[in-house]
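*Asks:* Let me give you the structure first, and then I'll get to my questions.
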Amino acid sequence: MRSSQKLRFVIKLSLAVTWAIILPIFYSSSQNYKACSARRPKNFLGMFCLSKYMVAVAFYLTGNVIGMALFFVPAVSSYIETSTWRICNILSWWCQAPSYVGRGMHEGQVPLLKYTSFWTVLLSSKFIFSYYFEIKPLVEPTKEIMRVNVNIYEWHEFFPQVKSNAGAILAVWAPIILVYFMDTQIWYSVFCTIFGGMCGIVHHLGEIRTMGMVRSRFCTLPEVFNACLVPRSSPKEKKGILPSFLEKKIFKDLGKSERHDPTKFALV
Numbered sequence: 001m002r003s004s005q006k007l008r009f010v011i012k013l014s015l016a017v018t019w020a021i022i023l024p025i026f027y028s029s030s031q032n033y034k035a036c037s038a039r040r041p042k043n044f045l046g047m048f049c050l051s052k053y054m055v056a057v058a059f060y061l062t063g064n065v066i067g068m069a070l071f072f073v074p075a076v077s078s079y080i081e082t083s084t085w086r087i088c089n090i091l092s093w094w095c096q097a098p099s100y101v102g103r104g105m106h107e108g109q110v111p112l113l114k115y116t117s118f119w120t121v122l123l124s125s126k127f128i129f130s131y132y133f134e135i136k137p138l139v140e141p142t143k144e145i146m147r148v149n150v151n152i153y154e155w156h157e158f159f160p161q162v163k164s165n166a167g168a169i170l171a172v173w174a175p176i177i178l179v180y181f182m183d184t185q186i187w188y189s190v191f192c193t194i195f196g197g198m199c200g201i202v203h204h205l206g207e208i209r210t211m212g213m214v215r216s217r218f219c220t221l222p223e224v225f226n227a228c229l230v231p232r233s234s235p236k237e238k239k240g241i242l243p244s245f246l247e248k249k250i251f252k253d254l255g256k257s258e259r260h261d262p263t264k265f266a267l268v
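Dropping the structure here:
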């Protein structure tokens with residue numbers, strides 16, 4: 001690793017430690033901050049009733065906001081990566097390690113918007129469905145369970161010191177939490193199927209448009225028919241499942257049987 005990369009990692013680690021110290025300090029001091037625009041109208045922070053902690057968080061999130069803006073405008077990111085201007089070089093050095101493979105080759109604006117829209121619709125559907133059909137129906141039962149007093153617990157052998165219904169609430173919510181985090185893959189599969197089918201229909205993927213293309217497919221029909229449905233004429237030594245599968249699907253002796261394929265197919 002080069003010294004410049006070591007320096008970048010050291011500076012990033014130092015900044016992370018600094019923010020980890022500064023933010024809790026400003027947060028603890030902001031608990032006693034009650035002055036607003038009515039008391040100190042001439043002060044900028046008092047005018048908008050902003051605490052020092054909010055200002056520190058705003059400075060902390062500035063880098064993430066800039067990175068998000070560059071993500072949504074790939075032309076600017078490509079210009080920064082390929083530019084020889086010193087400020088652009090510093091930004092590129094700070095954001096990522098210098099790489100010349102695929103440098104400046106970002107996706108266009110339209111594909112990026114399509115990709116962002118896909119994940120926005122997917123996650124929005126997942127969160128809305130999970131809220132209305134998984135989380136919201138359990139809110140009232142949870143409140144009812146919390147209001148029930150535990151005086152005589154039937155399973156005192158297992159929980160002799162129980163004084164609340166926390167275990168019952170955990171048993172109710174644990175499957176929902178697991179499903180909440182695991183059904184993202186299900187939503188992704190559903191949306192990939194829908195959007196992939198729509199994309200294939202729009203772009204006519206795999207479509208046979210002319211009769212010439214249909215006739216060209218018949219050239220391989222005898223070979224596929226004989227390989228899949230017609231048994232071998234000469235008996236051979238019995239082989240295992242894996243060798244026979246590889247021989248049938250991958251290592252085909254096409255040169256020996258190609259001239260006999262139409263004859264066998266015609267006889268059938």
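Each step along the sequence shown adds one to the number in my numbering, with nothing skipped, and position 160 is 160. Where a beta carbon is used, it is the ideal one built from N, C-alpha and C, also for glycine. The model shown is predicted, which means the values in this text are computed figures rather than measured ones.
(1) Does the region 13 to 26 come close enough to the region 49 to 65 that 3 or more CB-CB pairs lie under 8 angstroms?
(2) Does DSSP classify Thr-62 as helix, strand or coil?
(3) Looking at C-alpha atoms only, which residue of Tyr-53, Glu-81, Trp-119 and Lys-6 is the closest neighbour of Phe-191?
(4) I'd like to know if the region 112 to 128 and the region 177 to 192 are in contact, where contact means that at least 3 CB-CB pairs between them fall below 8 angstroms.
(5) Provide the residue span of the alpha helix (DSSP H) that contains Asn-226, from first to last.
(6) Assign Gly-53 to buried or exposed, taking buried as 16 or more other Cβ atoms, counted over all protein chains shown, within 10 Å of its Cβ.
(7) Can you tell me which of the three DSSP states Asn-149 falls into?
(8) Touch check for the region 108 to 115 and the region 66 to 84: three-plus C-beta pairs under 8 angstroms?
(9) Can you find the residues in the same chain that come closer than 6 angstroms, C-beta to C-beta, to Lys-114, ignoring five residues on each side of it along the sequence?
(10) In chain order, what residues of the same chain have a beta carbon less than 6 angstroms from the beta carbon of Leu-45, not counting five sequence neighbours either side?
(11) May I ask you to report which of helix, strand or coil DSSP gives His-203?
(12) Check whether the region 127 to 146 touches the region 163 to 182, counting contact only when three or more Cβ pairs, one atom from each stretch, lie closer than 8 angstroms.
*Replies:* If we stick to the structure as given:
(1) yes
(2) helix
(3) Trp-119
(4) yes
(5) Asn-226 -> alpha helix (DSSP H) spans 221 to 228.
(6) The amino acid occupying residue 53 in the given sequence is Tyr; Gly does not appear at that position. Buried, by the Cβ-count rule.
(7) coil
(8) yes
(9) none
(10) Legend: pLDDT at Leu-45 = 49, less than 50; position of this residue unreliable, no value from coordinates given.
(11) Of the three classes helix, strand and coil, the one that applies to His-203 here is helix, per DSSP.
(12) yes
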